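**Student:**
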Amino acid sequence: AVAVLVAYRPPAAASETGLPGEALTDADGEYVRDAIPDAQVLTEDGKLVFVADEARRAAHLLVFLSPGCGPCGRLGPLVAGWSEELAPVVVKAVVAGQPVVVETWLTYLQGHAWLDPHGITRKAFTGGNPSAVLLGADGLVAGGPVHGEEAVLSFIADIHDQLHEAREAGELVEPDAADVAAVTDGR
1 AVAVLVAYRP PAAASETGLP GEALTDADGE YVRDAIPDAQ VLTEDGKLVF VADEARRAAH
61 LLVFLSPGCG PCGRLGPLVA GWSEELAPVV VKAVVAGQPV VVETWLTYLQ GHAWLDPHGI
121 TRKAFTGGNP SAVLLGADGL VAGGPVHGEE AVLSFIADIH DQLHEAREAG ELVEPDAADV
181 AAVTDGR
């Protein structure tokens, strides 16, 4: 006799329609922050990390990309610049595939990529490519997910504007260089 147990946990960021990868809203249409889904990625050196654990160190913007996707190919080269512009938010491209993809074909993502070999993390957060989601250091999803090239660009512009306003108002505490290096190096 063979017994099989299939366990499924729907993605945390599901709307009232139940579609994966949609922002959760309340009855008034207001954005509801939900827990960061349990998900794992590979670092560029092949180390397995839990996304929520990394996000607890600093807010993270995850940009989901796939090799061979035209819009992803246009967004990918922008990730390194976003890392500088959006600091102290850590920006990571979450790339479908193995580390060799970044090492060989997507070299412009080196130092800014996590790998999602089977697409499980993408499914847990967004359901599509290109897409993006902002994770808070408090363990909750802070924004998104958003889908499509224009939506990702608009989302990142909104984050940039909010960070700029927070800096101008003196509400944003800038980390020192050692803290930033520890987070971005995955330590």
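Position 72 of the sequence shown, counting from 1, maps to 72 under the working numbering, and the rest follow consecutively.
The beta carbon of each residue, even a glycine, is placed where N, CA and C say it ideally should be.
Predicted model, so just to flag it, every value in this text is computed and none were measured.
(1) DSSP state of V180, grouped into three classes?
(2) Among T107, E85 and E150, which one has its Cα closest to the Cα of V95?
(3) Across the region 82-92 and the region 158-165, are there enough close Cβ pairs to call them in contact, namely three or more that are closer than 8 Å?
(4) On a Cα-Cα basis, can you pick out the residue from L62, P77 and G81 that is closest to G127?
(5) Spatial neighbours of A39 within its chain, please: C-beta separation below 6 Å, excluding the five flanking residues on both sides.
(6) Would you report the Cα separation of H112 and E30, rounded to the nearest angstrom?
(7) Assuming P130 and C69 make a contact with CB atoms under 8 Å, what is their CB distance in whole Å?
(8) Ignoring anything shorter than 4 residues, give me the alpha helix (DSSP H) runs that lie fully in the region 58-116, in order along the chain.
(9) For the beta strand (DSSP E) that T43 lies in, which residues bound it at each end?
(10) Measure the C-alpha to C-alpha separation of R56 and T104 and round it to an integer number of angstroms.
(11) Closest to G81 by C-alpha separation, out of A59, V102, D53 and Q110, would be which residue?
**Tutor:** In short:
(1) Its pLDDT being 49, under 50, V180 is placed unreliably in this model, and the value from its coordinates should be taken loosely. The answer is helix: DSSP assigns V180 an H, G or I state.
(2) T107
(3) yes
(4) L62
(5) V51, T121 and A124
(6) 32 Å
(7) 7 Å
(8) 70-75, 79-85 and 99-104
(9) Q40 to T43
(10) 31 Å
(11) Q110
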